[in-house]
Amino acid sequence: MIWAPHVTVAAVVEENGRFLLVEEMVGGRRCFNQPAGHWDPGETLLDAVVRETLEETGYTFQPEYLTGVYHWEFPEKNLTYLRFAFGGRLGPRDMSRALDAGIIGPAWLTPGEVVARRGEMRSVMVQRCMADYQAGKRYPLDLLHAGVD
């Protein structure tokens, strides 16, 4: 068996004390996640987080910094995830845009609401990314290199 971790991106966005999450159906379960998804071939990590945020929320997103890189094992499915979480600014929301399959829509929750609904989070990474954001963790985007010079 070849080990192949799933590389994902996530947008961590806070406005007025609330965090942007996505309410979605996954495996028949209603849950919340940051706007997030898989890194696709041919795109940069920044391209991926912009695309995923738009596809899942209808909002444009401008990444400004990296909040962290996260490793998570999902033992029930024998999967490994490597998540790159980005903070930044939202632009306008296109209300006419169809969202990805399984997405119910964007939701704005306070940190307290996320803690109270911990069992409804898609993974432990949701709270961890938020905690790092709240702790002021900000890393420059130039840590990421899209090619070799």
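The UniProt record's numbering numbers the first residue of the sequence shown as 1 and each following residue consecutively.
Backbone N, C-alpha and C fix where the C-beta goes; we use that ideal spot for every residue, glycine too.
No experiment lies behind these values; they were computed from the predicted model shown.
Beta bridge counterpart(s) of residue i as assigned by DSSP
i, result
"residue 15", "18"
Contacts around residue i, its chain only, beta-carbon distance under 8 Å, and the 5 residues preceding and following it disregarded
i, result
"residue 99", "55, 56, 57, 58 and 105"
"residue 8", "36, 37, 38, 39, 81, 82, 83 and 84"
"residue 47", "none"
Given residue i as reference, the closest of the options once Cα atoms are compared
i, options, result
"residue 17", "119, 137, 139 and 109", "109"
"residue 114", "72, 127, 53 and 43", "127"
"residue 77", "27, 146, 141 and 139", "27"
"residue 143", "4, 64, 2 and 23", "64"
"residue 102", "112, 4 and 25", "25"
Cβ shell of residue i (< 7 Å), same chain only, five flanking positions each side left out
i, result
"residue 62", "88, 89 and 91"
"residue 125", "70, 72 and 83"
"residue 133", "12, 14, 67 and 87"
Helix, strand or coil at residue i according to DSSP, with G and I counted as helix
i, result
"residue 131", "helix"
Which runs of the beta strand (DSSP E) spanning at least 3 residues fall entirely within the segment 42-126, listed in chain order? 59-74, 79-93 and 103-109
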